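*Asks:* Quick one: the structure is below, questions incoming.
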Amino acid sequence: MKNPNLNSVLNKEEFDKRDIIYMLSLTDKNEVENLYYRANEVRKEFCGDDVHLRGIIEFSNYCEQDCLYCGLRISNDALPRYRMTKDEILATVEHIHKAKIFTVVLQSGEDFSYTKEFISDLIREIKLNYGLAITLSLGERGFEEYLEWKNAGADRYLLKHESANKKLYSAIHNKQSLDERIKHLVYLKSIGFQVGSGNIIGLPGQTPDDIADDILLCKSLINDMASFSPFIPSNDTPLCNVSKADVQLTLKTMAVARIVLKDAHIPSTTALGSLIEGGREKGLEVGANVVMPNYTPNPYRQNYKIYEGKICVTDDPLACSGCLKFKIESIGRKVGESFGHSLK
Ligand code: SAM
Ligand code: SF4
Ligand code: FES
């Protein structure tokens with residue numbers, strides 16, 4: 000390692016905002032490689048070689064929110080909408096269970112037609128029949144709903160803070176505020192959920208300073224999981240003409256997040272795989288330790304259209320887990336054979 004300053008920063012125990020901005024701003028090819036190398040070392044030390052598979056079911060693309068970046072936003076009239084029934088969701092859970100995947104992620108737009116009771120019953124049935132770990136990703140819901148779902152047996156809740164910059168947060172969300180989102184995250188953690196948050200990289204006007212705050216917010220929230228995914232524009236949204244996120248900035252953010260957050264579960268996202276060929280493998284090599292095979296069945300799969308060019312939507316819903324297992328092994332890693340609960 001040629002740059003002594005870089006060497007001393009990468010090997011620190013604790014990182015301040017200046018260190019984080021410094022690492023994010025590296026451009027020299029060798030220095031960036033050193034950053035990735037260190038991130039991979041930290042991942043190995045704190046998380047081991049296991050890559051955890053989380054089978055995701057995108058069970059509804061109805062959404063009451065109007066996030067400017069997202070194709071599911073309520074104002075997008077061009078999107079054909081769907082809702083899966085309980086039987087359809089449970090049949091999909093069965094496929095996940097059969098594939099020896101230990102976590103199901105239930106994700107949707109903010110769709111209040113799925114009531115507190117519906118989700119609780121679903122959680123109980125999944126636990127009773129399949130014993131899987133359950134991650135919910137349903138957007139901002141009521142605090143009493145979170146509590147009931149926790150009591151019904153849900154293990155984790157994924158709610159990205161999207162941007163820790165209050166002004167940027169308000170500019171990209173019509174109705175919601177960052178303060179409110181943080182209240183939800185704090186509450187979810189307080190009632191015992193393993194909580195995941197994270198940002199979108201490449202939002203218009205976002206700076207390295209903002210990304211440093213995103214990583215530090217995940218640290219201060221003691222996030223069990225943290226997702227840093229690239230922005231990809233979606234047609235029929237106000238951000239349709241904004242450029243895709245920069246690949247290197249995305250990878251550097253994931254690497255810095257691993258170095259700073261140490262034992263958080265960090266996914267190599269479908270968005271990264273959609274941004275570049277081989278993106279998920281690359282993400283696993285710069286700090287990530289989780290991937291999420293998409294089990295959403297046909298004919299719904301293609302209409303969970305958060306952004307353009309999402310991979311896997313025309314593939315057989317049962318093919319993704321095998322395909323990802325192959326990719327994991329091809330880079331010398333191991334498919335996790337445990338629930339992959341929080342390492343905190
Ligand atoms: N509605 C729930 C929520 O917002 O938490 C869960 C579903 S939402 C589609 C899941 C994630 O998609 C969001 O947290 C956001 O970060 C991501 N997302 C939405 N639009 C995106 C885009 N254009 N590019 C990259 N990620 C996007
Ligand atoms: Fe709805 Fe989530 Fe998309 Fe926002 S990000 S519009 S809450 S699905
Ligand atoms: Fe979906 Fe390869 S991960 S087909």
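In this text, residue positions in the sequence shown follow numbering that gives the first Met the number 0: the first is 0, and each later residue adds one. Using N, Cα and C, we set each Cβ at its ideal position, and we do this for glycine too. Quick caveat: nothing in here was measured; it's all calculated off a predicted structure.
1. Near I190, which residues of its chain fall below 8 Å by C-beta distance, leaving aside the five closest residues on each side in sequence?
2. Can you tell me which of the three DSSP states C62 falls into?
3. Which residues mark the beginning and the end of the alpha helix (DSSP H) in which R180 is found?
4. So for M0, helix, strand or coil by DSSP?
5. Write down every uninterrupted run of the beta strand (DSSP E) in the stretch 119-144 whose length is 3 residues or greater and which is fully enclosed by it, in chain order.
6. Taking just the CA atoms, how far does P79 sit from C62?
7. Within 6 Å: the Cβ of C69 and any heavy atom of the ligand SAM?
8. Start and end of the alpha helix (DSSP H) containing V45?
9. With 16 other CB atoms within 10 Å as the buried threshold, where does E280 fall?
10. For C322, which residues of its own chain have a beta-carbon under 7 Å away from its beta-carbon, when the five flanking residues on both sides are left out?
11. Are V8 and I55 touching if we call contact CB-CB under 7 Å?
12. Buried or exposed for G339, please, with buried defined as at least 16 other CB atoms from any protein chain shown within 10 angstroms of its CB.
13. Per DSSP, what are the beta-bridge partners of Q301 in this structure?
14. List, from N- to C-terminal side, the alpha helix (DSSP H) runs of 4 residues or more that fit wholly inside the stretch 250-312.
*Replies:* Once the coordinates are examined:
1. Y145, L146, K149
2. coil
3. 177-189
4. Low local confidence applies: a pLDDT of 46 at M0 is under 50, so the model's placement there is unreliable, and no value is given.
5. 132-136
6. 12 Å
7. yes
8. What sits at residue 45 in the sequence shown is Phe, not Val. Residues 28-46.
9. buried
10. none
11. no
12. buried
13. In the DSSP output, where bridge partners are listed per residue, Q301 has none listed.
14. 269-274, 278-284
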